[in-house]
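Numbered as in our numbering, the sequence shown ends at 850 without a single skipped number.
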Amino acid sequence: METLVCVAVWAAAIAVLAASIMWVYRWSHPRVNGRLPPGSLGLPLLGETLQFFAPNTTSDISPFVKQRLDRYGSIFKTSLVGRPVVVSADPELNYYVFQQEGKLFESWYPDTFTEIFGRDNVGSLHGFMYKYLKSLVLRLYGQENLRAVLLAETDRACQTSLASWAAQPSVELKDSISAMIFDLTAKKLISYEPSKSSENLRKNFVAFIRGLISFPVEIPGTAYHECMKGRRNAMKVLKKMMRERMADPARQCEDFFDVLIEELRRERPVLTEAIALDLMFVLLFASFETTALALTLGVRLLAENPRVLDALTEEHEAIVSGRKDRDAGLTWTEYKSMTFTSQVSLTSTSFQAS
């Protein structure tokens with residue numbers, strides 16, 4: 497009897513081991529219609545997630561991507577947060593994918609992305625709704641509004657901040673630029689002014705950003721938990737604003753949030769409150785964080801390349817010397833004439849994107 501039990505246990509153990517081996521093999525060799533690029537799917541379920549979320553303290557390409565580009569080339573496969581993915585650093589392929597969006601390809605984001613940015617965020621929408629939201633956003637950030645309103649407002653905000661920084665012994669550049677751009681953006685989007693509000697909205701976004709690229713396990717004390725807490729607190733502020741504005745039909749349209757409120761008040765609105773709130777959250781995040789990073793990196797690159805700084809200064813001084821009033825604000829014509837400045841901006845942006 498004992499012999500039979502031992503045989504049965506061994507048989508069960510061998511069966512479990514064989515099944516595990518088969519499962520691991522199928523994980524690392526998925527069935528596909530076609531041929532996958534080179535790469536590794538890492539450990540079962542976990543994949544290469546831990547390596548992907550390892551912190552990168554440089555302005556260079558992340559070690560995770562750089563190592564795989566060197567080993568596999570510009571296109572490789574991997575597995576992140578439980579999902580097999582193909583990573584492309586090939587410009588021609590990336591251009592083709594974007595051109596075929598909604599045709600041969602459809603954008604998709606992992607569950608963690610939708611939890612972080614909202615299930616109704618603009619990146620998760622397709623077709624008519626995506627085009628509709630894009631048209632709304634272009635009212636604010638399109639070239640016409642940039643020329644008529646945003647350029648002058650941005651110039652004034654920069655002049656005020658520079659004057660304030662000049663009076664200080666030292667400045668934490670990244671934080672100061674982030675604060676300047678967030679205050680400017682939040683005022684345009686939701687008429688938010690820190691000095692007149694009891695809510696520290698930027699603090700919530702800073703907490704959100706610090707845990708944005710972190711292992712997605714929401715346990716108190718982790719960076720991801722702080723990220724989600726920051727999002728929840730920011731959304732509470734936006735929801736409160738929406739309720740107050742929806743309850744005030746006599747309110748005049750003053751900012752982009754009011755534009756969305758007007759859309760929600762239509763007899764048959766295309767927009768929903770959830771989509772409107774997620775859109776506001778994404779715009780507040782994207783408008784200030786990406787720009788602040790690019791500007792900070794640009795200042796660093798200029799400090800490391802004095803010849804570029806000299807050429808940039810020469811272009812700006814030529815514009816100022818050609819004015820009747822040297823203290824006048826930046827005009828659209830002057831802005832469009834800054835060809836070298838534009839090249840410097842594009843370079844720093846490309847470094848930041850990498």
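For each residue, glycine too, the CB sits at the ideal point set by N, CA and C.
Under the three-pair Cβ rule at 8 Å, the segment 747 to 754 does not count as touching the segment 823 to 831. In this model, leucine 636 and glutamine 595 are separated by some 25 Å (Cα to Cα).
Our two residues, aspartate 744 and tyrosine 688, have alpha carbons roughly 17 Å apart in a direct line. Taking the Cβ atoms as the reference, alanine 788 lies roughly 5 Å from isoleucine 673, within the contact range of under 8 Å. Residues of the same chain with a CB within less than 7 Å of the CB of proline 765, apart from the 5 flanking positions on each side, are Glu759 in chain order. Along the segment 725 to 765, the alpha helix (DSSP H) occurs as fully enclosed runs of 4 or more residues at 752 to 760, listed in sequence order. Of Met738, Ser817, Ala550, the smallest CA-CA separation from alanine 772 is found for Met738. For threonine 545, no beta strand (DSSP E) encloses it; the enclosing alpha helix (DSSP H) starts and ends at 545 to 548. For the options Gly717, Cys723, Asn729, the alpha carbon positioned closest to that of glutamate 695 is the one of Asn729. Boundaries for leucine 826: no beta strand (DSSP E) harbours it, and the DSSP string shows neither H nor E there. Rounded to the nearest whole angstrom, the CA to CA distance from aspartate 679 to tyrosine 628 is 27 Å. In the DSSP assignment, valine 804 falls within the unbroken alpha helix (DSSP H) covering 802 to 817. Judged by DSSP secondary structure, isoleucine 686 falls outside any beta strand (DSSP E) and instead within the alpha helix (DSSP H) spanning 669 to 686.
Listed in chain order, the non-local C-beta contacts of serine 710 below 8 Å within the same chain comprise Phe549, Thr718, Ala719, Tyr720, Cys723, local neighbours out to five positions each way being set aside. The three-state secondary structure of proline 534, taken from DSSP, is coil. Between leucine 780 and serine 844, the C-beta gap is not smaller than 9 Å, which leaves the two residues out of contact.
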